[in-house]
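Protein chains: 2
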Amino acid sequence: MDPVADREAVLAANTALYEALEQGDAEALGDVWLSGADADDRGGVVCVHPGWPMLRGRARVLRSYMLIMANTDYIQFFLTDVEVELVGDTALLTCTENILSSGEAEEEGELGPLVGGKVVTTNVFRRTAAGWRLWSHHGSPILTGGGDDDEVEG
Amino acid sequence: MDPVADREAVLAANTALYEALEQGDAEALGDVWLSGADADDRGGVVCVHPGWPMLRGRARVLRSYMLIMANTDYIQFFLTDVEVELVGDTALLTCTENILSSGEAEEEGELGPLVGGKVVTTNVFRRTAAGWRLWSHHGSPILTGGGDDDEVEG
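Quick note, the sequences are listed as chains P and X, same order.
Add 83 to a position in the first sequence, counting from 1, and you land on the number used in the working numbering.
Add 83 to a position in the second sequence, counting from 1, and you land on the number used in the working numbering.
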């Protein structure tokens with residue numbers, strides 16, 4: 084196991100997640116998540132979208148993304164504060180998702196106004212025979228003032 | 084490695100986290116998190132409190148809990164939907180924290196009214212020589228209606 088190559092592979096898997104969402108590519112999104120024997124029916128993968136309840140299981144998680152993508156005309160992610168920690172066959176990736184997306188359009192078929200958002204995210208990847216795959220995604224809105232963690236420094 | 088014993092040990096570590104918070108026990112809380120060589124200075128542990136930005140590093144994470152405990156007269160956690168997935172030396176525990184805590188007291192020294200809250204949580208534990216220790220905690224508020232994930236079933 085080459086830590087540098089592993090780190091690059093995890094970062095690439097993470098990039099693939101957000102590119103799939105930006106492109107509304109359901110198949111690419113499905114490839115990012117654990118599948119088959121690595122994601123059993125009972126639990127397997129877990130996902131929390133910002134402000135959402137916990138979703139368990141590959142089918143339910145992918146369905147939630149279909150719903151989000153169906154209701155999103157345009158979305159772009161600028162990732163900052165990306166940090167990866169690798170221990171054995173698990174990678175913990177944390178980042179801030181700076182999101183630019185279209186709001187509700189005034190007219191049918193028109194793009195709505197662009198709206199921004201900031202989400203802090205914990206993505207857990209697992210090494211599989213097919214490469215690094217997403218096991219858990221947890222994103223949450225920053226509701227405290229400013230979103231600058233220096234404020235809790237005391 | 085005995086999966087049943089591991090599962091019990093992870094559940095016990097998770098219980099220890101919430102008991103430490105309920106009791107305002109900073110030392111017990113410190114014992115729950117990765118420490119020493121398992122939690123290096125640069126990254127190591129990560130923590131997101133509901134609505135908060137990402138906190139990295141053991142010192143900063145523990146300091147945030149001191150702040151929370153100093154401002155909380157009373158807090159009790161009822162955990163539901165607890166699920167554990169064990170893969171090698173990593174455990175992914177997800178649960179719902181049903182929180183009962185005291186609000187702002189009207190008079191100094193009096194307990195305030197009890198307020199409830201519901202938080203979905205992803206806790207990642209790692210096996211160490213000293214047992215299972217918390218690597219990542221990510222809790223987030225449920226902001227969608229009802230907090231029932233059946234609503235996204237379509």
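Beta carbons: idealized from backbone N, C-alpha and C, even for Gly.
What first and last residue would you give for the beta strand (DSSP E) that runs through D164/P? Counted from its first residue, the first sequence places residue 164/P at position 81. Per DSSP, D164/P is one residue of the beta strand (DSSP E) stretching across I158 to V170.
Using CA atoms only, rank isn't needed, just tell me which of M84/P, C130/P and T98/P is closest to T205/X. As a first step, residue 205/X must be located in the second sequence, where it is residue number 122. Among M84/P, C130/P and T98/P, the Cα nearest to that of T205/X is on C130/P.
Going by beta carbon distance, what residues of the same chain come within less than 6 Å of L112/P, once the five residues before and after it are set aside? Residue mapping note: residue 112/P aligns to position 29 of the first sequence, counting from 1. So the list reads A103 and Y148, once near-sequence residues are dropped.
Any C-beta of chain X sitting closer than 8 Å to the C-beta of D89/P? As a position in the first sequence, residue 89/P is number 6, starting the count at 1. Taking Cβ atoms only, chain X never reaches closer than 8 Å to D89/P, which makes this a no.
Excluding sequence positions up to five away, which residues of its chain have a Cβ less than 6 Å from the Cβ of E166/P? Sequence index remark: in the first sequence, residue 166/P carries index 83 (1-based). For E166/P, same chain residues with a beta-carbon under 6 Å away, outside a window of 5 residues either side, are T177 in chain order.
Below 8 Å, how does it come out for the region 156–170 of chain P and the region 90–100 of chain P: are there three or more Cβ pairs, yes or no? The region 156–170 of chain P is in contact with the region 90–100 of chain P.
Closer than 8 Å to chain P by CB, S118/X: Reading the second sequence from its first residue, position 35 is the one you call residue 118/X. No - not a single Cβ of chain P is within 8 Å of the one on S118/X.
Taking the straight line between their C-alpha atoms, what separation do you get for L217/P and V207/P? Taking the first residue of the first sequence as position 1, residue 217/P is located at position 134. Taking the first residue of the first sequence as position 1, residue 207/P is located at position 124. Each residue's alpha carbon lies about 6 Å from the other.
Going along the region 154–187 of chain P in order, which residues come within less than 9 Å of chain X, judged by CB to CB distance? Residues of the region 154–187 of chain P with a C-beta atom less than 9 Å from some C-beta of chain X are D164, E166, V167, E168, V170, G171, D172, T173, L175, T177, C178 and T179, listed in chain order.
Kindly indicate the opening and closing residues of the alpha helix (DSSP H) around L145/X. What you label residue 145/X is simply residue 62 of the second sequence in a count that begins at 1. Taken as a continuous stretch (DSSP letters only), the alpha helix (DSSP H) holding L145/X covers R141 to A153.
With DSSP run on the structure shown, which of helix, strand or coil describes E102/P? The residue labelled residue 102/P in the question sits at position 19 within the first sequence. Of the three classes helix, strand and coil, the one that applies to E102/P here is helix, per DSSP.
Please state whether DSSP places A212/P in a helix, a strand or coil. Numbered from its first residue, the first sequence carries residue 212/P at position 129. DSSP places A212/P in coil when its eight states are reduced to three.
In angstroms, rounded to a whole number, what distance separates the CA positions of Y157/P and R146/P? Locating residue 157/P in the first sequence gives position 74, counting from the first residue. Locating residue 146/P in the first sequence gives position 63, counting from the first residue. In a straight line, the C-alpha of Y157/P is about 19 Å away from that of R146/P.
So, helix, strand or coil for E180/X, using DSSP? Residue numbering aside, residue 180/X sits at position 97 when the second sequence is read from its first letter. In this structure, E180/X counts as strand in the three-state DSSP scheme.
Taking the CB atoms as reference points, tell me whether M152/P and V203/X lie closer together than 8 Å. In the first sequence, counting from the first residue as 1, residue 152/P sits at position 69. In the second sequence, counting from the first residue as 1, residue 203/X sits at position 120. For M152/P and V203/X, no; Cβs fall outside 8 Å.
With V128/P as the anchor, note down where its beta strand (DSSP E) starts and where it stops. On the first sequence, position 45 is the one that residue 128/P refers to. Per DSSP, V128/P lies in no beta strand (DSSP E) segment and is marked neither H nor E.
Give me the residue from W135/P, N97/P and G214/P with the minimum Cα distance to S223/X. Sequence index remark: in the second sequence, residue 223/X carries index 140 (1-based). Ranking the options by Cα distance to S223/X, first place goes to W135/P.
Under the DSSP definition of a beta bridge, which residues are partnered with G192/P? Within the first sequence, residue 192/P is the residue found at index 109, counting from 1. By DSSP's assignment, G192/P forms no beta bridge with any residue.
If we ignore side chains and look at the alpha-carbon of each, how far apart do G127/X and E110/P end up? As a position in the second sequence, residue 127/X is number 44, starting the count at 1. As a position in the first sequence, residue 110/P is number 27, starting the count at 1. Rounded to the nearest whole angstrom, the CA to CA distance from G127/X to E110/P is 34 Å.
Suppose contacts are defined by Cβ-Cβ distances below 8 Å. Is V115/X in contact with L100/X by that definition? Counting from one through the second sequence, the residue named residue 115/X turns up at place 32. Counting from one through the second sequence, the residue named residue 100/X turns up at place 17. Contact flag set, yes.
G237/X burial status per 10 Å Cβ neighbour count (16 or more: buried): For this step, residue 237/X is matched to residue 154 along the second sequence. Residue placement at G237/X is poorly supported in this model, since its pLDDT is 32, which falls under 50; the coordinates are not used for a value here.
What do you get for N97/X, buried or exposed, if any count of 16 or more other CB atoms within 10 angstroms of its CB means buried? In the second sequence, the residue the question calls residue 97/X occupies position 14. A residue is called buried once 16 or more other Cβ atoms fall within 10 Å of its Cβ, and N97/X is buried on that count.
Mapping DSSP to helix, strand and coil, what is L217/X? Against the second sequence, residue 217/X aligns to sequence position 134. If DSSP states are grouped into helix, strand and coil, L217/X belongs with the strands.
Under the three-state reduction of DSSP, which class applies to A111/P: helix, strand or coil? Your numbering for residue 111/P matches position 28 in the first sequence. Helix, per DSSP.
Own chain residues within Cβ distance below 6 Å of T179/X, not counting five before or after: Taking the first residue of the second sequence as 1, we reach residue 179/X at position 96. The answer, listed in chain order, is T163, D164 and V203.
Counting only Cβ pairs nearer than 9 Å, list the residues of chain P close to G134/X. One-based indexing of the second sequence puts residue 134/X at position 51. Here the neighbours are S223, P224, I225, L226 and T227.
To the nearest whole angstrom, what separates the beta carbons of T173/P and T211/X, a pair I think is in contact under 8 Å? Against the first sequence, residue 173/P aligns to sequence position 90. Against the second sequence, residue 211/X aligns to sequence position 128. With a Cβ gap of about 14 Å, T173/P and T211/X do not count as contacting.
With H, G and I counted as helix, E and B as strand and the rest as coil, what does DSSP make of P224/X? Taking the first residue of the second sequence as position 1, residue 224/X is located at position 141. The answer is strand: DSSP assigns P224/X an E or B state.
Per DSSP, what are the beta-bridge partners of A120/X in this structure? On the second sequence, residue 120/X is found 37 positions in, with the first residue counted as 1. Paired residues: none, contrary to the question.
Have a look at S219/X and P133/X and give me their C-alpha separation to the nearest angstrom. As a first step, residue 219/X is located in the second sequence; it is residue number 136 there, counting from the start. As a first step, residue 133/X is located in the second sequence; it is residue number 50 there, counting from the start. Roughly 14 Å separates the two Cα atoms.
Between T205/P and chain X, is the shortest Cβ-Cβ distance under 8 Å, so that the two count as touching? As a working note, residue 205/P is residue 122 in the first sequence. True, the Cβ-Cβ gap to chain X drops below 8 Å.
Of all the options W215/X, E193/X, S185/X and D121/X, which has the alpha carbon lying nearest to the alpha carbon of P86/X? Within the second sequence, numbered from 1, the residue matching residue 86/X stands at position 3. Put simply, of W215/X, E193/X, S185/X and D121/X the residue whose alpha carbon is nearest the alpha carbon of P86/X is W215/X.
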